[in-house]
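Taking it in order: structure first as structure tokens, then the write-up.
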Amino acid sequence: MSPINVARIAHIVLFVKDPEASARWYAEILNMKITARAGDGPYKGGVFLSFGLSDHDIALFPAAADTANGKEAKGREFEHIGLAMAGCNMEDLRANYAFFRERGVEIAEILDHGVSVGIYFYDPDGHMLEVFCQNVPLEGGASQAELNRNEGQANPITL
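The sequence shown runs contiguously to residue 159 in the UniProt record's numbering.
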């Protein structure tokens, strides 16, 4: 039986032509708040937006920036879908990682975002998904403040 215990779809990440222009649109049209702008690293140029509670519900990345996998971003509408784990800790995440490895799931990377730690992996059609443990509470804006402070941190780690 699978140890994966997803609580909810937590966020989506979209490739867009101009993250800043798109962020303004999402803020104006959907009343979203810009919670962070990515500094250096793999998400450089990205903008993170929230509907209020989460550190981000939608992240916008430059379409041309997806060259790490040797795949062109043109025509790709999303980068990945984030799935928040229910009652998760690092031990749970390690068990999930082991389960993925046993089942031959292709893992793209494991990243520490400061606010969360996630395993990024591919479905059979090549869509990237992320299962993650939230480390900084959403309540009171704690995760939004941390994501802003760390400028969208994305540090590769091993489990």
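Even glycine gets a Cβ: it sits at the ideal position worked out from N, Cα and C.
Three-way DSSP call (helix, strand, coil) for residue i in this model
i	result
GLY82	strand
PRO19	helix
SER54	coil
PRO124	coil
GLN144	helix
ALA38	coil
ILE29	helix
ALA95	helix
ALA63	helix
ILE157	coil
GLU106	coil
GLU130	strand
Residue i, buried or exposed, once every other Cβ within 10 Å from all chains shown has been counted against 16
i	result
TRP132	For the sequence presented, residue 132 should be read as Phe rather than Trp. So PHE132 ends up on the buried side.
PHE48	buried
HIS11	buried
VAL6	exposed
PHE15	buried
SER2	exposed
ALA63	buried
Residue-level contact to chain B via CB, residue i, 9 angstroms cutoff
i	result
VAL16	Among the chains in the structure shown there is no chain B, since it carries only a single protein chain.
Closest Cα partner of residue i within the set the options
i	options	result
HIS56	ILE157, PRO156, THR158 and VAL136	VAL136
LEU60	ALA21, ALA108, VAL117 and ARG101	ALA21
GLY114	ALA154, LEU138 and GLY104	ALA154
ILE157	GLU151, GLU109, ASN150 and MET128	GLU109
ASN148	ALA86, ILE34 and PRO19	ILE34
GLU79	ALA142, GLY87 and ILE58	ILE58
PHE51	ILE29, ASP40, ILE107 and GLY152	ILE29
GLY126	GLN144, ALA98, ASP18 and VAL105	VAL105
LEU159	ASP18, LEU53, ALA142 and ASN89	ASN89
SER116	GLU146, ILE107 and ARG103	GLU146
ASP112	GLN134, ARG101 and PHE100	GLN134
Distance cut-off 8 angstroms: residue i Cβ against heavy atoms of the ligand ATP
i	result
GLY45	In the structure on display, the ligand ATP does not appear, and there are no ligands present to speak of.
Contact belief for residue i with residue j at Cβ below 8 angstroms, rounded distance in angstroms
i	j	result
GLU130	GLY82	5 angstroms
GLU151	ALA36	6 angstroms
ALA84	ARG8	5 angstroms
Please determine if the region 14 to 33 and the region 121 to 131 are in contact, where contact requires at least 3 C-beta pairs separated by less than 8 angstroms. no
With three or more beta-carbon pairs closer than 8 angstroms as the criterion, would you say the region 33 to 52 touches the region 92 to 104? no
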